[in-house]
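These notes are about the structure you will find just below.
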Amino acid sequence: MEIKLTSPIEKSRLSELKAGDMVSISGTIYTARDAAHKRMEEALSSGRELPFDIKGNIIYYMGPSPAREGQVIGSAGPTTASRMDKYTPRLLDLGLGAMIGKGKRSPEVHEAIIRNGAVYFAAIGGAGALLSKCIKACEVIAYEDLGTEAIRKLTIEDFPCIVVIDSTGEDLYLK
Amino acid sequence: MREINVSEITNKIKNMCISVNLDLSDDMKSALKQAEQEESSTLGKHILRQLDKNLEIASSESIPICQDTGMAVIFLEIGQDVHLTGGSLEAAVNEGVRQGYVEGYLRKSVVDDPLIRKNTGDNTPAVIHEKIVDGDKVKITLAPKGFGSENMSRIFMLKPAEGIEGVKNAVLTAVKDAGPNACPPMVVGVGIGGDFEKSAIMAKQALTRRVDKHSDIQYVAELEKELKDKINSTGIGPGGLGGDVTCLAVNINTYPTHIAGLPVAVNICCHVNRHISCIV
Numbered sequence: 001m002e003i004k005l006t007s008p009i010e011k012s013r014l015s016e017l018k019a020g021d022m023v024s025i026s027g028t029i030y031t032a033r034d035a036a037h038k039r040m041e042e043a044l045s046s047g048r049e050l051p052f053d054i055k056g057n058i059i060y061y062m063g064p065s066p067a068r069e070g071q072v073i074g075s076a077g078p079t080t081a082s083r084m085d086k087y088t089p090r091l092l093d094l095g096l097g098a099m100i101g102k103g104k105r106s107p108e109v110h111e112a113i114i115r116n117g118a119v120y121f122a123a124i125g126g127a128g129a130l131l132s133k134c135i136k137a138c139e140v141i142a143y144e145d146l147g148t149e150a151i152r153k154l155t156i157e158d159f160p161c162i163v164v165i166d167s168t169g170e171d172l173y174l175k
Numbered sequence: 176m177r178e179i180n181v182s183e184i185t186n187k188i189k190n191m192c193i194s195v196n197l198d199l200s201d202d203m204k205s206a207l208k209q210a211e212q213e214e215s216s217t218l219g220k221h222i223l224r225q226l227d228k229n230l231e232i233a234s235s236e237s238i239p240i241c242q243d244t245g246m247a248v249i250f251l252e253i254g255q256d257v258h259l260t261g262g263s264l265e266a267a268v269n270e271g272v273r274q275g276y277v278e279g280y281l282r283k284s285v286v287d288d289p290l291i292r293k294n295t296g297d298n299t300p301a302v303i304h305e306k307i308v309d310g311d312k313v314k315i316t317l318a319p320k321g322f323g324s325e326n327m328s329r330i331f332m333l334k335p336a337e338g339i340e341g342v343k344n345a346v347l348t349a350v351k352d353a354g355p356n357a358c359p360p361m362v363v364g365v366g367i368g369g370d371f372e373k374s375a376i377m378a379k380q381a382l383t384r385r386v387d388k389h390s391d392i393q394y395v396a397e398l399e400k401e402l403k404d405k406i407n408s409t410g411i412g413p414g415g416l417g418g419d420v421t422c423l424a425v426n427i428n429t430y431p432t433h434i435a436g437l438p439v440a441v442n443i444c445c446h447v448n449r450h451i452s453c454i455v
């Protein structure tokens, strides 16, 4: 049974999710991977604002391939989340609601997820063509010079994910 | 002396870059289909079905199978009776990669310096391995490598006394550490022997062998089968979410080594194990 979710998302809704739940997400999410996280960290450290309001929002760790004419986006599957672990606790403490990626997270991210009642979802790694069909709109909103690593605002419909780490810190990979 | 203009190599590489990112080889497709049959976990089966659907969409709609269209790794076997004309071979290879990645709408995933990290914008340069062989032909093998799995690869400099058990432990350690990060079901390339870099290159090259073909050396073929079974009994499963199919194949290459050493390189590839060859 798939649980339908809409992003941005309330913490109270996230707290209902359990590790192993299959979900399908619609709404607005933002992409960011290595280089964008580094820039966001630099922005915060020098007292500047983030390029989007992360409160209750979802970051998708993804850098797409280019869209052909008539396509919204190219291939668009998740990248390995652990490379963002260094930056993630700070973003969670600032209100980031959830993340979509693939692969294991660090103990520090686990703690920050529990502390903030956040959730870590996994999408199917290596299914970028299939997942691209759930992306209905795509707009670069920051760091355009980073190419595929720029921050994109995505409108998604029924994007399939699985809850890997729930808000209590239960981790499906460790089960 | 047979003359080959390097522009012919540019064209071949361009076309191979595009096609290899849209269609997996038949052996990989069959291995994934078979995995779907063998998987007993409901979630695992679901993931394998989605991967199959992903391959169909990639091929029919020309969307890359995975957004990580890789760093282009190219093996060139150049016949010693070939005379390459028309310019630099290395420049021609990189031009093929550039044209393929730009015209094929493939992701540009290469940065110009490992620490300064500015994207080169055209996925060049490639990683090129050249070998001079007998004959008057050039064999080109292209294997774009995604880094989710590349990052989980390892080299172990074992002691000779550790023997075959040491090799098995090394491979299993690398696979267990990789877990969900390497997008299982994986293909595991192993290089045993040689020296530090030779083992790594053999491991990469092992990934370009068909997944339904075992080593010609009997004990190595048996080791491949045994390691595949052992990896599949870890329970990591499709997507790392539990199940029977963690790996589709273990391919091992070997080479003579030093009396004091037993290098073992484990190059892990995800289920999008892309490789294509042609002969000019």
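From first to last, the protein sequence lines are chains A and B. With the first letter of the first sequence counted as 1, position 65 gets the number 65 in this note's numbering; the numbers rise by one all the way through. With the first letter of the second sequence counted as 1, position 121 gets the number 296 in this note's numbering; the numbers rise by one all the way through. Quick reminder that beta carbons are idealized off the backbone N, C-alpha and C, glycines included.
Beta-carbon spacing of residue i, residue j below 8 Å
i	j	result
arginine 449/B	valine 272/B	no
valine 395/B	aspartate 311/B	no
leucine 130/A	lysine 228/B	yes
serine 26/A	threonine 6/A	yes
glycine 354/B	asparagine 442/B	no
threonine 316/B	glycine 369/B	no
tyrosine 30/A	tyrosine 60/A	yes
leucine 199/B	leucine 223/B	no
DSSP state of residue i mapped onto helix, strand, coil
i	result
serine 67/A	Sequence check: residue 67/A is alanine here, not serine. In this structure, alanine 67/A counts as coil in the three-state DSSP scheme.
cysteine 444/B	strand
aspartate 309/B	coil
arginine 83/A	helix
histidine 258/B	strand
phenylalanine 331/B	strand
methionine 361/B	strand
glycine 414/B	helix
proline 431/B	strand
leucine 174/A	helix
proline 89/A	helix
cysteine 192/B	helix
arginine 384/B	coil
valine 302/B	strand
isoleucine 100/A	strand
Run of the beta strand (DSSP E) containing residue i, from where it starts to where it stops
i	result
glutamate 252/B	246-254
cysteine 138/A	135-142
tyrosine 30/A	22-31
Continuous alpha helix (DSSP H) stretch holding residue i: start and end
i	result
proline 107/A	107-116
aspartate 145/A	Here aspartate 145/A belongs to no alpha helix (DSSP H), and DSSP marks it neither H nor E.
phenylalanine 371/B	371-381
isoleucine 59/A	No alpha helix (DSSP H) contains isoleucine 59/A, which is instead part of the beta strand (DSSP E) from 58-60.
lysine 351/B	338-353
Same chain only: Cβ atoms within 6 Å of residue i, ignoring 5 sequence neighbours per side
i	result
glycine 63/A	Arg33, Thr148 and Glu149
Own chain, CB closer than 7 Å to residue i, minus 5 neighbours either side, in chain order
i	result
proline 360/B	Ala210, Pro413, Val420, Thr421, Cys422, Leu423 and His446
leucine 226/B	Leu207 and His446
glutamate 270/B	Thr185
glutamate 265/B	Ile303
serine 75/A	Pro64, Ser65, Gly128, Ala129 and Ser132
Buried/exposed call for residue i, threshold 16 Cβ in 10 Å
i	result
alanine 137/A	exposed
proline 107/A	exposed
leucine 146/A	buried
glycine 410/B	exposed
leucine 290/B	exposed
arginine 115/A	exposed
leucine 402/B	buried
threonine 299/B	buried
Cβ-heavy atom distance, residue i to the ligand NAD, below 7 Å
i	result
arginine 105/A	The ligand NAD is absent from the structure shown, which contains no ligand whatsoever.
Neighbourhood of residue i by C-beta, 8 Å cutoff - its chain only, sequence neighbours within 5 removed
i	result
isoleucine 339/B	Leu398
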